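The next block holds one structure in the form of structure tokens; read it before the comments.
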Amino acid sequence: MLKRSGLLIAGLFLFSTLAVADEYEAVRLCMKNWGTHPFNASKPKYRVIGKKVKVFGIGGNINDTGVTKQAELVLIKPNVSVMSVARMYLMNPNGWYCIHNKVNVMSKTEIHLHCKAHLATTKDGVAVLAKDEKEQGVTVLGKATITRQCD
628 MLKRSGLLIA
638 GLFLFSTLAV
648 ADEYEAVRLC
658 MKNWGTHPFN
668 ASKPKYRVIG
678 KKVKVFGIGG
688 NINDTGVTKQ
698 AELVLIKPNV
708 SVMSVARMYL
718 MNPNGWYCIH
728 NKVNVMSKTE
738 IHLHCKAHLA
748 TTKDGVAVLA
758 KDEKEQGVTV
768 LGKATITRQC
778 D
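Under my numbering, the first residue of the sequence shown is numbered 628, with each subsequent residue one higher.
Take a look at the structure:
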């Protein structure tokens, strides 16, 4: 029993280490896509918005409406939308939003972005019989739009 507990603890540690490495790689790719940014490239500090899933209209939207006084790097974990309208409200004017990835299947993703905020993704996009304005993920028979809003 003690051996199994040790293996379980080692496995959990390895999994959490890999997850943090994946987050760091995502943030690094977004910073590379921005080119110029106000963050320490070797040790960036960032906040994470967790994964969201919306299927047949059931599930949540992302509502990031807090305002910071200084630039804030925000990693948005992968989102999935199937036969739904998923909405992201990214309204911090000092926000530097990094979308790790998104998948739309017969869906629409609406990104409402503050006009002073920054947005980048970690991956090149794929659109199949679809329209994806920034090619920010995988879109199949769907649409992804970005609308800038100044309050």
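Just so you know, even glycine gets a beta-carbon here, dropped at the ideal spot from N, CA and C.
A quick note: this is a predicted structure, and the numbers were derived from the prediction, not measured.
Got a sec, what are the start and stop residues for the beta strand (DSSP E) residue i sits in?
i, result
"G722", "722 to 726"
"S708", "706 to 709"
"H739", "735 to 741"
"H745", "745 to 748"
"K679", "679 to 682"
"I703", "699 to 703"
"I676", "674 to 676"
Rounded to whole angstroms, how far is the Cβ of residue i from the Cβ of residue j, which I believe are closer than 8 Å?
i, j, result
"A784", "N731", "Lying outside 628 to 778, the shown extent of the chain, residue 784 is not represented and no answer is given."
"A653", "T749", "5 Å"
Around the Cβ of residue i, are there at least 16 other Cβ atoms within 10 angstroms (buried) or fewer (exposed)?
i, result
"C777", "exposed"
"S711", "buried"
"T692", "exposed"
"C742", "exposed"
How is residue i classed by DSSP in three states: helix, strand or coil?
i, result
"A771", "strand"
"M715", "strand"
"V694", "coil"
"N731", "strand"
"C777", "coil"
"Y651", "helix"
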